[in-house]
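In mature numbering (1 follows the signal peptide of the UniProt record, and there is no 0), the protein residues as written are -29 to -1, 1 to 431.
Below: the structure, in structure tokens.
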């Protein structure tokens, strides 16, 4: 066949009819694993020189079947982060060629399709456009009036949602999902009012996942988002379904979910911080109590152990009145200069206390003794001491029953008996006055000072 006849036999496609046929083919049916493709030069690297022409070979996916797709064939070059582009490869499966016309530095995921929209798979790596012998063929097709974006552009766990948003173009939209090193390309057509899609990640972990969008006219949107699947290789995701939707409605649902997550985090933080704060406050109070308050209370007080403390004197109670006792001497101290006031009803006597002298014991109201009374009391005390000495000398006459530990304290009528006074000593060697009542029965009676003695401290 001559070249002229070959050119005449080659059908002529307008760009609109080509893209429309691809769109209708994608929408009507989805076929995979029918054929596969590759560059004729197997040694070709992932770097593609600009404006270079590369021959392409199409062959059956299953060697046992002679299925190579339905001509013509097309190359769809998906620009990562840019605008995908469709190029006609040719009618003859043995003479297919593709020219690199993308900007320098562009990363491309390549896929060959036939006229029915059947894909021949995606190579295992991305290709990068580098500067070639010429750059005259380069066409910049990026436009910002029709865009596509995703909520995540890094990594997505298996079975987690991946949100796609579309702006501009002519509805309805078609979304193409593909993954490197995969024979499968998935096409989804949205509803007439849909401009968003939630994809449940079922991609193979570790392989770049790509989403491309074209509208009713076949025009591709700028953006072409990607993400890296990670996690489990079990992609069943039971109960989870990818679904289209309206972007405004999905945004409201996402905002409500985020607000709920914030409230949950706030509750978790409050539930964690509140007990910790309570513990810290309680620990601070306890530390203050033990380190400061108890230390102040436990501070030792200075006590004079030198023996120079105030000498307190115990005197018998002698009635009401502001009677004060001196700390240094045994004499009474009176307010207002220390002079004795006869008008005050004090029953104090300089004579030693005599429990058997009724006049010494006094009544409820007592008067200060006169000088004659003091002399009489002193004389009586001297005579008693003399008798006590005599009793001490004649102590052998004391009844033997006086040494018994049990004593009979039943006395006869008051004032009818006699008594004997003697001097003894205590266990400490101090003098002891012993008065023996003859009419009190056998035994020895030791009389002690009254137990109701009053104690006064010296005002300082």
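Where is the CB? At the ideal position from N, CA and C, for every residue including glycine.
Compare the Cα-Cα distances from residue 177 to each of 197, 159 and 73 and report the closest residue. 197
Member of 24, 158 and 202 whose CA lies at the smallest distance from the CA of residue 11: 24
For the stretch 105 to 112 against the stretch 148 to 159, do three or more pairs of beta-carbon atoms, one drawn from each stretch, fall closer than 8 Å, so that the two count as touching? In short, these stretches do not touch, since the Cβ pair count stays below three.
What are the start and end residues of the beta strand (DSSP E) that includes residue 246? Segment 218 to 259 is the alpha helix (DSSP H) holding residue 246; no beta strand (DSSP E) there.
Which same chain residues, not among the five before or five after residue 48, have their C-beta less than 6 Å away from its C-beta? 56, 79 and 81
Near residue 31, what residues of its chain come up, given a Cβ to Cβ distance below 7 Å and the 5 sequence neighbours on each side ignored? 6, 37, 38 and 39
Is it the case that the Cβ atoms of residue 93 and residue 153 are separated by a distance below 8 Å? Yes.
Between the Cα of residue 123 and the Cα atoms of 182, 210 and 84, which residue gives the shortest distance? 182
Provide the residue(s) that pair with residue 201 in DSSP beta bridges, ordered along the chain. 128
For residue 432, three-class secondary structure by DSSP: Nothing can be reported for residue 432, as the shown portion of the chain is limited to -29 through 431.
When the distance is taken between beta carbons, is residue 200 closer than 8 Å to residue 172? yes
Provide the residue(s) that pair with residue 147 in DSSP beta bridges, ordered along the chain. Paired residues: 158 and 183.
Short check: CB of residue 22 to CB of residue 72, under 8 Å? yes
Residue 117, enclosing beta strand (DSSP E) - first and last residue: Where residue 117 is concerned, there is no enclosing beta strand (DSSP E), given that its DSSP letter is neither H nor E.
According to the neighbour-count rule (16 or more other Cβ atoms, all chains shown, within 10 Å of its Cβ), is residue 260 buried or exposed? Residue burial annotation: residue 260 is exposed, with fewer than 16 other C-beta atoms found within 10 angstroms of its C-beta.
How is the beta strand (DSSP E) around residue 18 delimited, first residue to last? 18 to 20
Residues that residue 61 bridges to, as DSSP identifies them: 44
C-beta contact flag for residue 189 and residue 167 at 8 Å: no
Tell me whether residue 140 is buried or exposed, calling it buried when 16 or more other Cβ atoms sit within 10 Å of its Cβ. Label assigned to residue 140: buried.
Pairwise C-alpha distance: residue 88 and residue 160: 14 Å
Measure the CB-CB distance between residue 97 and residue 83 and report whether it falls below 8 Å. no
Whole angstroms are fine: how far does the CA of residue 195 sit from the CA of residue 86? 23 Å
Give me the Cα-Cα distance between residue 127 and residue 116, rounded to the nearest whole angstrom. 28 Å
Which class does residue 262 belong to by DSSP, given the choice of helix, strand or coil? helix
What are the partner residues of residue 136, as DSSP defines its beta bridges? Per DSSP, 120 and 167.
Extent of the continuous beta strand (DSSP E) to which residue 82 belongs: 78 to 84
Could you give the DSSP three-state label for residue 95: helix, strand or coil? Coil, per DSSP.
Just to confirm the assignment, what range does the beta strand (DSSP E) spanning residue 7 have? That run of the beta strand (DSSP E) goes 6 to 10.
Thinking C-beta only, is residue 219 closer than 8 Å to residue 136? no
For residue 228, is the classification buried or exposed, using 16 other Cβ atoms within 10 angstroms of its Cβ as the cut-off for buried? exposed
Determine the DSSP secondary structure at residue 32, reduced to helix, strand or coil. Coil at residue 32, not helix or strand.
Measure from the alpha carbon of residue 29 to the alpha carbon of each residue in 225, 108, 63 and 232, then state which is nearest. 63
Roughly how many whole angstroms lie between the Cα atoms of residue 77 and residue 42? 28 Å
Alpha-carbon to alpha-carbon, residue 247 and residue 237: 15 Å
Thinking residue 20 and residue 103 are a contact (beta carbons under 8 Å), I'd like their distance in whole angstroms, please. 3 Å
When the Cα of residue 45 is compared with those of 33, 27, 54 and 51, which residue comes out closest? Closest option to residue 45, Cα to Cα, is 27.
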